[in-house]
Amino acid sequence: MIVAYLGLTLWVGLRAGRGTSSTVDGFVAGDRNFGFLVMYFVTGATVFSAFAFLGGPGWAYSRGAAAFYILSYGVLGMAPWYVIGPKVARIGRQLGQVT
Numbered sequence: 046m047i048v049a050y051l052g053l054t055l056w057v058g059l060r061a062g063r064g065t066s067s068t069v070d071g072f073v074a075g076d077r078n079f080g081f082l083v084m085y086f087v088t089g090a091t092v093f094s095a096f097a098f099l100g101g102p103g104w105a106y107s108r109g110a111a112a113f114y115i116l117s118y119g120v121l122g123m124a125p126w127y128v129i130g131p132k133v134a135r136i137g138r139q140l141g142q143v144t
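Going by the numbering used here, the sequence shown opens with residue 46, and the numbers climb by one from there.
Right under this line is the structure:
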């Protein structure tokens, strides 16, 4: 059963990998084809993940209802990238940066 599961997993992975880019840009940055909304959530998840799962609940537990403002910070904390992000992306593309 385990061998069948591993074989199925390998088959699904190989099928999903067809037609994908094998460049560094493709692996790291999705060939730079993500839209604004996708990048907003990906960046937000990256920045806020550890805090949201570890720090935020403990902090809210110790502070109580006053910690509810943190929800708005989680949503609005990435808003400056709406202005800054395209400029940084343009400079990164010109310099060939992939991070």
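Note that beta-carbon positions come from the ideal geometry of N, C-alpha and C, so glycine has one too.
- In the assembly as shown, residue 74 is a buried residue. Its beta-carbon has 16 or more other beta-carbons within 10 Å.
- Around residue 66, the same chain offers 76 as residues with beta carbons nearer than 6 Å, after the five sequence neighbours per side are excluded.
- Here residue 69 is near residue 143, since their CB atoms are less than 8 Å apart.
- If you look at residue 71, you'll find it in the alpha helix (DSSP H) that goes 69-74.
- Note that the C-beta distance between residue 123 and residue 88 is below 8 Å.
- Under the three-state reduction of DSSP, residue 139 is assigned to helix.
- In the three-state reduction of the DSSP assignment, residue 79 falls in the coil class.
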